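In the numbering used here, the protein residues as written are 1177 to 1337.
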């Protein structure tokens, strides 16, 4: 199943200048718990912002750059092949904005960390028709000294038509 996982602010901002515009360790812990042991699929810019393959996951980087290679990652150049290549396993689209936009049609489950604040950003999550999605889980994020921005973890399933 192709799944998506994303953190976004109240206005669907997901990034600014190649980075997440907030500091939220709870979300990073959630991301790790959800994706460990699975395939993660990301654009080249997202991979470069992370800086290394993430451990205990199959890392797939999608790029138009035919010269791109990095130890520990599988490189793909054709977006249209992604659902066929990875649809039979638990694969997660993890960003960035261009990859979400190109593959949103293939995502059947969406993990959303909604940041209940507004941030400056240059990368947005694509607009969704939320009527096509059913909320299946909701968990309020815990605030503490390291996690000062209110947030909620949601899981949505695409409705069957």
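Even glycine gets a Cβ: it sits at the ideal position worked out from N, Cα and C. Since we're looking at a predicted model, the values are computed, not measured.
Could you check if residue 1198 is buried or exposed, using at least 16 other CB atoms within 10 Å of its CB as the buried criterion?
Residue 1198 sits at position 22 when you count from the first residue of the chain shown. Buried, because 16 or more other Cβ atoms sit within 10 Å of the Cβ of residue 1198.
Residues near residue 1249 by beta carbon distance below 8 Å, same chain, minus five either side:
Walking along the chain shown from the start, residue 1249 turns up at place 73. These residues qualify, in order along the chain: 1223, 1229, 1235, 1236 and 1237.
Taking the alpha helix (DSSP H) that residue 1207 belongs to, which residues open and close that run?
One-based indexing of the chain shown puts residue 1207 at position 31. Here the alpha helix (DSSP H) through residue 1207 covers 1201-1211.
How many angstroms separate the CA atom of residue 1212 from the CA atom of residue 1204?
Counting from 1 along the chain shown, the entry for residue 1212 is found at position 36. Counting from 1 along the chain shown, the entry for residue 1204 is found at position 28. Answer to the nearest angstrom: the Cα atoms are 12 Å apart.
Cβ-based burial, residue 1177 [other Cβ within 10 Å; buried from 16]:
In the chain shown, the residue the question calls residue 1177 occupies position 1. Exposed, by the Cβ-count rule.
Determine the closest residue to residue 1272 out of 1315, 1186, 1298 and 1313, with distance taken between C-alpha atoms.
As a first step, residue 1272 is located in the chain shown; it is residue number 96 there, counting from the start. The residue with the shortest Cα to Cα distance from residue 1272 is 1298.
Pick out the complete beta strand (DSSP E) segments inside the stretch 1283-1334, 3 residues or longer, and give them in chain order.
1285-1291, 1309-1316 and 1327-1334
If you draw a straight line from the C-alpha of residue 1301 to the C-alpha of residue 1308, how long is it?
The residue labelled residue 1301 in the question sits at position 125 within the chain shown. The residue labelled residue 1308 in the question sits at position 132 within the chain shown. For residue 1301 and residue 1308, the distance between alpha carbons rounds to 16 Å.
Based on DSSP bridge pairs, tell me the residues matched to residue 1252.
If you number the chain shown from 1, residue 1252 lands on position 76. DSSP, once it has assigned bridges, lists 1238 as partnering residue 1252.
Can you pull the DSSP bridge partners for residue 1215?
Your numbering for residue 1215 matches position 39 in the chain shown. Beta-bridge pairing links residue 1215 to 1234 and 1267.
Return the bridge partner residues of residue 1278 from the DSSP annotation.
Taking the chain shown and counting its residues from 1, the one referred to as residue 1278 is at position 102. None; residue 1278 has no bridge partner.
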